[in-house]
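Worksheet: the structure to be examined is printed underneath.
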Amino acid sequence: MLPILREGFGNPSSLHWFGQQARAAVDTAREKVAALVGASPGEIVFTGSGTEADNMALRGAAATAREPRRKIVYSAIEHHAVMNTAKGLAEEGVPVDTARTGADGRVDLDDLRAKVDDRTVAVAVMFANNETGVVEPIAEVVRIAREAGALVHCDAVQAAGKIPVDVRSLDVDTLALSAHKIYGPKGVGALYVKRGTRLKGFVRGGSEERNRRAGTENVAGIVGLGRAAELAREDMRTESSRLSELRDRLEARLLAIPGAQRNGEADRVPNTANLSFAGVEAESLVMALDLAGLAVSTGAACAAGAVEPSHVLRAMGLPLERVQASLRFSLGRGTTADHVDRAATLVAEAVGKQRQTRRAYASRS
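Residue numbers for the sequence shown follow the working numbering, beginning at 1 and rising by one.
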């Protein structure tokens with residue numbers, strides 16, 4: 001990104017030399033992002049985030065819909081980028097329905113089949129959940145949607161670059177990506193749009209991104225996303241195997257803590273673990289662990305300021321007490337076995353202290 005930030009002042013839409021240098025950098029990045037998900041470069045639209053990509057897919061499909069096919073169906077564990085976009089469309093008069101999720105964290109296919117009908121324009125189910133890491137049955141989702149003649153949008157922000165994602169074999173119509181989830185810069189994402197898919201752009205202005213997303217491209221950010229996609233593709237097999245082993249090692253040690261339970265039992269992306277610890281309050285645990293040098297979360301980062309418990313864990317049918325005692329752990333390129341062991345020790349100590357404090361308080365009252 002540095003050469004672009006220092007010298008790449010050209011607008012990619014300009015015909016002069018500076019503009020064409022910027023255009024070449026954007027086109028190269030587009031090829032790299034396309035290669036990560038098995039798409040053609042012309043099917044990649046750059047956006048300002050994964051959230052914008054989700055908005056573009058759902059709002060774009062809704063804008064081209066005609067009666068009676070206007071309904072949007074999404075799973076109950078979708079990221080807020082999908083969930084709140086669908087709710088916003090509902091407020092604007094678009095029919096919206098939600099498919100239930102099982103205790104394992106996967107969408108209930110029978111319920112999805114019951115919700116998707118000839119009035120459905122699009123079905124939105126994420127590739128992997130951002131809180132539990134559970135991988136969703138996208139092939140079956142696509143089959144259900146196709147039987148009803150509906151489009152399929154897949155939020156692959158949590159999956160791309162960590163496990164193989166191939167849009168051709170998935171046969172989805174749109175798929176969202178985000179740079180910062182694969183070590184790229186914040187503030188840039190992409191939407192795969194299958195050739196021939198009709199989407200109406202909702203950012204109006206010039207003719208950038210082939211008239212699909214107006215606004216001068218963030219060239220440095222796009223170049224960063226392209227390089228991140230290239231590195232993720234090169235390292236995916238070895239890094240996925242390494243992280244899977246570390247995650248399993250972490251979970252084994254955490255599950256040895258009395259009262260600990262794993263949330264989400266299906267196939268998962270290798271970098272995510274979600275566990276609950278009976279008899280503790282997760283937010284207090286997060287603060288105690290932060291002071292000890294360990295960064296964990298109670299759910300999605302975008303919902304960190306929310307008071308409501310995780311909608312994902314609630315949708316899985318977990319009791320409120322267990323939801324409020326749950327932590328999400330994320331592993332990455334810098335994580336080592338020593339880090340995992342240290343983290344497990346810190347969690348065990350923090351859980352023990354909090355339980356002891358709560359018992360002492362209960363005995364006094």
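In this text, a Cβ means the ideal position worked out from N, Cα and C, and glycines have one as well.
Problem set entry | Residue interval of the beta strand (DSSP E) (run including residue 72) | On the sequence shown, residue 72 is found 72 positions in, with the first residue counted as 1. Taken as a continuous stretch (DSSP letters only), the beta strand (DSSP E) holding residue 72 covers 71–75.
For this session: Could you tell me whether the stretch 17–31 touches the stretch 156–167, using the rule of 3 or more Cβ pairs below 8 Å?
Result: Contact fails between the stretch 17–31 and the stretch 156–167, because fewer than three Cβ pairs, one in each stretch, are under 8 Å apart.
For this session: Please list, in chain order, all residues of the same chain as residue 22 whose beta carbon is under 7 Å from its beta carbon, the five residues on each side excluded.
Result: As a position in the sequence shown, residue 22 is number 22, starting the count at 1. Counting only Cβ-Cβ distances below 7 Å, and skipping sequence neighbours, we find 8, 10, 11, 12 and 219.
Exercise. If you check the beta carbons only, do residue 346 and residue 243 fall under 8 Å apart?
Worked result: Stepping through the sequence shown from its first residue, residue 346 is reached at position 346. Stepping through the sequence shown from its first residue, residue 243 is reached at position 243. No; because the gap between Cβ atoms is not below 8 Å, this pair is not in contact.
Exercise. Any idea if residue 120 is buried or exposed, counting beta-carbon neighbours within 10 angstroms, 16 or more meaning buried?
Worked result: In the sequence shown, counting from the first residue as 1, residue 120 sits at position 120. Flag for residue 120 reads buried.
Exercise. Nearest-angstrom Cα distance between residue 4 and residue 227?
Worked result: Taking the sequence shown and counting its residues from 1, one reaches residue 4 at position 4. Taking the sequence shown and counting its residues from 1, one reaches residue 227 at position 227. Our two residues, residue 4 and residue 227, have alpha carbons roughly 13 Å apart in a direct line.
Problem set entry | Burial state of residue 2 (16 or more Cβ within 10 Å) | Numbered from 1 along the sequence shown, position 2 holds the residue referred to as residue 2. For residue 2, the number of other beta carbons within 10 angstroms of its own is below 16, and it is reported as exposed.
For this session: Answer yes if the stretch 234–251 comes into contact with the stretch 204–213, meaning at least three C-beta pairs across the two stretches below 8 Å, and no otherwise.
Result: Contact between the stretch 204–213 and the stretch 234–251 is absent: fewer than 3 CB-CB pairs across the two stretches fall below 8 Å.
Exercise. Do you know whose CA, among 113, 81, 189 and 110, lies nearest residue 129's CA?
Worked result: The residue labelled residue 129 in the question sits at position 129 within the sequence shown. Cα-wise, what sits closest to residue 129 is 81.
For this session: If I'm right that residue 60 touches residue 199 with Cβ under 8 Å, what's the distance once you round it to whole angstroms?
Result: The sequence position of residue 60 within the sequence shown is 60, counting from 1. The sequence position of residue 199 within the sequence shown is 199, counting from 1. With 8 Å as the limit, residue 60 and residue 199 qualify as a contact, their Cβ atoms being about 3 Å apart.
Problem set entry | Close beta carbons around residue 358, own chain, < 7 Å, minus the five adjacent residues each side | Taking the sequence shown and counting its residues from 1, the one referred to as residue 358 is at position 358. Setting aside the 5 residues that flank it on each side, residue 358 is surrounded in the same chain by 279, each with a C-beta closer than 7 Å to its C-beta; the list follows chain order.
Problem set entry | Euclidean distance between Cα positions of residue 268 and residue 258 | Looking up residue 268 in the sequence shown gives position 268. Looking up residue 258 in the sequence shown gives position 258. Those two C-alpha atoms are separated by around 24 Å.
For this session: Kindly confirm or deny that the stretch 106–117 and the stretch 273–292 touch, where touching means at least three C-beta pairs closer than 8 Å.
Result: The stretch 106–117, when compared against the stretch 273–292, does not touch it at the 8 Å Cβ threshold.
Exercise. Relative to the alpha-carbon of residue 239, which residue among 266, 164 and 291 has its alpha-carbon at the smallest distance?
Worked result: As a first step, residue 239 must be located in the sequence shown, where it is residue number 239. Selected option, being the one with the closest Cα: 164.
Exercise. Are residue 312 and residue 131 touching if we call contact CB-CB under 8 Å?
Worked result: One-based indexing of the sequence shown puts residue 312 at position 312. One-based indexing of the sequence shown puts residue 131 at position 131. Against a cut-off of 8 Å, the Cβ pair of residue 131 and residue 312 comes out as a contact.
Exercise. Can you tell me where the alpha helix (DSSP H) with residue 138 in it begins and where it stops?
Worked result: For the purposes of this step, residue 138 is taken as the residue at position 138 of the sequence shown. Per DSSP, residue 138 is one residue of the alpha helix (DSSP H) stretching across 138–147.
Exercise. Going by the C-beta, is residue 15 closer than 7 Å to any heavy atom of the ligand ADP?
Worked result: The ligand ADP is not part of the structure shown, which contains no ligands of any sort.
For this session: Report yes or no: do three or more beta-carbon pairs, one from the stretch 166–173 and one from the stretch 135–154, lie closer than 8 Å?
Result: Contact between the stretch 166–173 and the stretch 135–154 is present: three or more C-beta pairs spanning the two stretches fall below 8 Å.
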